[in-house]
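Right, one structure below, let's go through it.
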Amino acid sequence: MSGRVKLMNILMRQKASKLKPSHRDTPRRWNIVRGDTVQVIQRNHPEYGKQGTVSAVLRDQNRVIVETLNLGPKRIKGDPERGTKGQTVMMERSMHYSNVNLVDPVTGFPTKVTYSFLEDGTKVRISKRSGAIIPKPDILKQKPLRNLIASEDSDTMKDEDVWAVSYQKKVSKWVDMRNELLQTLEEKGLESRKTGA
8 MSGRVKLMNI LMRQKASKLK PSHRDTPRRW NIVRGDTVQV IQRNHPEYGK
58 QGTVSAVLRD QNRVIVETLN LGPKRIKGDP ERGTKGQTVM MERSMHYSNV
108 NLVDPVTGFP TKVTYSFLED GTKVRISKRS GAIIPKPDIL KQKPLRNLIA
158 SEDSDTMKDE DVWAVSYQKK VSKWVDMRNE LLQTLEEKGL ESRKTGA
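Numbering-wise (the numbering used here), the sequence shown opens with residue 8 and increments by one.
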């Protein structure tokens, strides 16, 4: 085999990453949920050793956002119509889920988690450090608030007003123009008949 053929075979070969996508990064199960207390365990992270509460879990990106940790500047544009100026604020940035671990409620140190079942059949998280149960946060039981628009001044205070039909069908402008055109044609037709007769 010549050198040119070997070189072409190497260049035409597909990369291994295209053939087999790597799924090593995605966790099998998510131990961290919104409202958990976590500690940064990545040694070269600037927030190493600090604890905070998880405010959001981004599962499609394998990242978490922890309150008051990993702050970074974010530029907010100004709106001249409202009269607000642009400003730079410090906001929490996301970090990879592998950089944080759950905090043991008994010892206060980061711990790995295993799962077990209670006598009534509920699945719970168990700390590997102390063996204590890590309960799910109460914030998960609360339903998120929807953007409800409640107006204090209602136009319909009476039941009759609520059930009254208020829809008025609008006639298309093309129908009006057509009717005007037909009317002018009829008038011209009548005038030509009168003058012709």
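Note that the Cβ used here is the ideal one computed from N, Cα and C, for glycine as well.
- A direct Cα-to-Cα measurement between P87 and T114 gives close to 52 Å.
- Counted as a single uninterrupted DSSP element, the beta strand (DSSP E) harbouring R132 occupies residues 130 to 134.
- Taking all protein chains in view, the Cβ of Y104 is crowded by 16 or more other Cβ atoms within 10 Å, so the residue is classified as buried.
- Within the same chain, G93 come within 8 Å of K84 by CB-CB distance, once the 5 residues on both sides are set aside.
- The DSSP-derived three-state label of Y55 is coil.
- DSSP, reduced to helix, strand and coil, places D168 within a helical segment of the structure shown.
- Around K143, the same chain offers V40 as residues with beta carbons nearer than 7 Å, after the five sequence neighbours per side are excluded.
- The alpha-carbon separation between I48 and N38 amounts to approximately 15 Å.
- Burial state of G59 is buried, judged by a 10 Å Cβ sphere holding 16 or more other Cβ atoms.
- The beta carbon of K81 sits closer than 8 Å to the beta carbons of T95, V96, M97, M98 from its chain, once the five residues preceding and following it are set aside; these are given in chain order.
- With a threshold of 16 other beta carbon atoms within 10 Å, Q46 meets it and is buried.
- Per DSSP, Y174 has no beta-bridge partner at all.
- Less than 8 Å divides the Cβ of G42 from the Cβ of V61.
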